[in-house]
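Visitor: Residue 189 is where the sequence shown starts when you use this note's numbering, and the numbers rise one by one after that. Beta carbons are placed, not taken as given, at the ideal position from N, Cα and C, and that holds for glycine. So that we are looking at the same thing, I have put the structure below in structure tokens.
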Amino acid sequence: MIARLLQKQIVEKLKPGFVVGLFGARRTGKTIIMEEIKKSVTNKKVLMVHGENLDVAEILSSQRVSRLKQLISGYDYLFIDEAQKIPNIGANLKLIVDAIPTVTLFVTGSSAFDLKNKIGEPLTGRSKFFYLYPIAEAELEEDYITAFENLEPRLIYGAYPQVITADSQNEKRDMLESIKNGYLLRDILELDNLKDSVFILNLLKLIAFQIGKDVSFRELASNLSVNKNTVMRYLDLLEKNYIIFSLSGFSRNLRKEISKSSRYFFWDNGIRNIVISNLNLLNSRDDVGKLWENYCVSERLKINHYRGLMTNYYYWRTYDQKEIDLIEESGGFLNAYEFKWGRARVKTPHLFLDTYPNSSFSVINKENFLDFIG
């Protein structure tokens with residue numbers, strides 16, 4: 189089993205009268221982390237329940253202290269998997285913290301459809317939230333040779349736990365199909381009582397083909413025969429479901445900097461590729477540059493999150509077509525990165541460096557990527 193970087197951090201935060209939340213897409217390993225932490229608890233009683241259990245959900249949504257005590261009595265820990273399934277979960281967790289302060293609470297959720305707000309608002313100062321993504325390269329603890337050998341499978345099949353551990357390409361493909369068809373959009377479909385995922389998958393396909401490019405909401409809406417607000421709503425839901433994320437344009441000093449557009453990326457290359465039904469090898473693809481940029485950006489955001497770094501992320505582009513793939517703003521400094529799969533020479537962005545003296549610029553390629561994401 190691959191050790192997850194967040195597990196130790198979660199354990200360190202568990203304490204009586206406090207709620208720890210772990211959020212992330214389905215099938216990324218949240219339940220496994222919860223089960224592993226449960227195993228590690230010694231000399232304490234742990235009650236682990238699932239939010240889809242109707243009997244449990246009925247009690248945990250009751251907002252009646254007597255019923256909550258009846259369920260939890262005699263336990264030191266209460267672990268709730270898929271807590272977003274439980275109505276009024278935030279108010280009930282607050283009741284537990286207030287009425288049974290000796291209990292330690294740990295909850296997971298497969299989406300952030302207001303779950304964080306529902307938990308966080310009543311428990312300000314008494315909660316801590318973590319986010320779990322598909323396996324990060326840093327969690328594999330590979331040396332450079334091994335990481336380089338596995339780079340092509342990572343770019344094609346991604347890093348969901350069941351995909352990484354699958355033995356063959358056929359198994360990896362089948363697992364990605366299973367995730368796409370059975371788990372990927374479940375929370376969004378349930379939220380809107382939708383029976384058909386075709387519209388959302390078509391939206392994801394359009395996003396998949398625009399990795400590294402500015403996205404026009406109006407253009408997406410026109411292609412999908414819906415209005416712009418519908419597109420923006422579902423992109424927001426896809427972000428809250430940890431399928432995609434966005435970067436906005438960086439702008440501080442130059443009038444010709446573009447700041448109102450967004451670029452979208454997938455948290456996992458395999459999901460991006462299965463959405464467009466393309467798991468071909470790199471030598472028969474025309475989108476390797478997109479795969480490389482998506483991989484580098486998503487891996488960087490994952491490892492920086494796990495390390496607790498306070499960083500803002502952007503891309504940079506001007507109206508005269510000068511651009512940089514990724515800008516990191518941290519501690520008063522700007523670190524700019526360009527991602528190149530091949531060995532083509534990259535021009536130094538003098539305009540950016542001259543405009544922002546507290547900045548640096550690096551090119552990330554196959555020779556130095558492990559230092560960037562490891």
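Just the Cα atoms here: how many angstroms apart are Leu392 and Tyr452?
Guide: For Leu392 and Tyr452, the distance between alpha carbons rounds to 10 Å.
Visitor: Going by DSSP, name the residue or residues bridged to Asp269.
Guide: Paired residue(s): His238.
Visitor: State the Cα-Cα distance for the pair Pro349 and Leu425, rounded to the nearest angstrom.
Guide: Those two C-alpha atoms are separated by around 23 Å.
Visitor: Classify Lys316 as helix, strand or coil using the three-state DSSP reduction.
Guide: Of the three classes helix, strand and coil, the one that applies to Lys316 here is strand, per DSSP.
Visitor: Using C-beta distances below 7 Å, list every residue in its chain close to Lys565, excluding the 5 sequence neighbours before and after it, in chain order.
Guide: The first residue shown for the chain is 189 and the last is 562, placing residue 565 beyond what the model contains.
Visitor: Please classify Asp424: does DSSP put it in a helix, a strand, or coil?
Guide: Three-state result, Asp424: helix.
Visitor: In whole angstroms, what separates the C-alpha of Lys232 from that of Tyr263?
Guide: Cα-Cα distance, rounded: 8 Å.
Visitor: How about Lys401 and Leu408: are their beta carbons less than 9 Å apart?
Guide: Not closer than 9 Å, so no.
Visitor: Does DSSP put Ser550 in a helix, in a strand, or in coil?
Guide: The answer is strand: DSSP assigns Ser550 an E or B state.
Visitor: What did DSSP end up calling Phe540 once you bin it into helix, strand or coil?
Guide: DSSP places Phe540 in helix when its eight states are reduced to three.
Visitor: Between Ile221 and Arg192, how many whole angstroms is the CB-CB distance? I'm expecting something under 8 Å.
Guide: Ile221 to Arg192, Cβ: 6 Å. Contact.
Visitor: Taking all protein chains shown into account, decide if Ser548 is buried (16 or more other Cβ within 10 angstroms of its Cβ) or exposed.
Guide: With fewer than 16 other Cβ atoms within 10 Å, it is exposed.
Visitor: On the criterion of 16 or more Cβ atoms from any shown chain inside 10 Å, does Met363 qualify as buried, or is it exposed?
Guide: Label assigned to Met363: buried.
Visitor: For Thr628, which option in Arg505, Ile462, Ile268 and Gly530 has the closest C-alpha, if you only look at C-alpha atoms?
Guide: Absent from the model: residue 628. The displayed extent of the chain is 189 to 562, so no value can be given.
Visitor: Where do the ends of the beta strand (DSSP E) carrying Phe211 lie?
Guide: Note, Phe211: beta strand (DSSP E), Val207 to Gly212.
Visitor: Which residue from Pro289, Thr230 and Ser299 puts its Cα closest to that of Arg214?
Guide: Closest option to Arg214, Cα to Cα, is Ser299.
Visitor: Classify Phe521: buried if its beta carbon has 16 or more other beta carbons within 10 angstroms, exposed otherwise.
Guide: Burial call: exposed.
Visitor: Evaluate the contact criterion for the segment 275-286 versus the segment 200-212: three or more CB pairs, one atom per stretch, below 8 Å.
Guide: The segment 275-286, when compared against the segment 200-212, does touch it at the 8 Å Cβ threshold.
Visitor: Spell out the partners DSSP gives Asn500 in its beta bridges.
Guide: Paired residue(s): Glu517.
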